[in-house]
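Residue numbers (this note's numbering): 3 to 123.
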């Protein structure tokens, strides 16, 4: 292969790799903007499955108004109810650690964040 052509291909490869690295860094920063972190959260489990609402405490909220938010939770407490009513009592309670969920939105009240439209991530 011609040495000049080899150099041109090498330079093009280096530029492409550098551009990919820069784009990857920017994409990671953009993705982090929609992430939130909560120390503790509760999510009730009903007879039909987990609630789509999560009540969380000590949260960092996302910086932007994305439609979906990725929420990282250190401790997720899940009370399993005996029936579909709060007064039916709790059968058992499970605790999960280091969970990630996706939620459609949130509201805040003092130190509590109420995430809604949540699905497993």
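Yeah, the Cβ is synthetic: ideal placement off N, Cα and C, and Gly gets one too.
Classify residue 121: buried if its beta carbon has 16 or more other beta carbons within 10 angstroms, exposed otherwise.
Answer is exposed; the Cβ neighbour count stays below 16.
With distances taken Cα to Cα, identify the nearest neighbour of residue 108 among 76, 90, 72, 93.
With distances taken between Cα atoms, residue 108 lies closest to 72.
Confirm, please, whether the CB-CB distance from residue 102 to residue 82 is below 9 angstroms.
In this structure, residue 102 does not lie closer than 9 angstroms to residue 82 by Cβ.
Helix or strand or just coil, what does DSSP make of residue 86?
Reduced to three states, the DSSP call for residue 86 is coil.
Only counting the same chain, and skipping five residues up and downstream in sequence, which positions put a Cβ closer than 6 angstroms to that of residue 115?
The answer, listed in chain order, is 58, 61, 108.
Could you work out which residue in 37, 47, 80, 99 is closest to residue 63 when comparing CA atoms only?
The shortest Cα separation from residue 63 among 37, 47, 80, 99 belongs to 37.
May I have the straight-line CA-CA distance separating residue 52 from residue 65, to the nearest angstrom?
Rounded to whole angstroms, residue 52 to residue 65 spans 27 angstroms at the Cα level.
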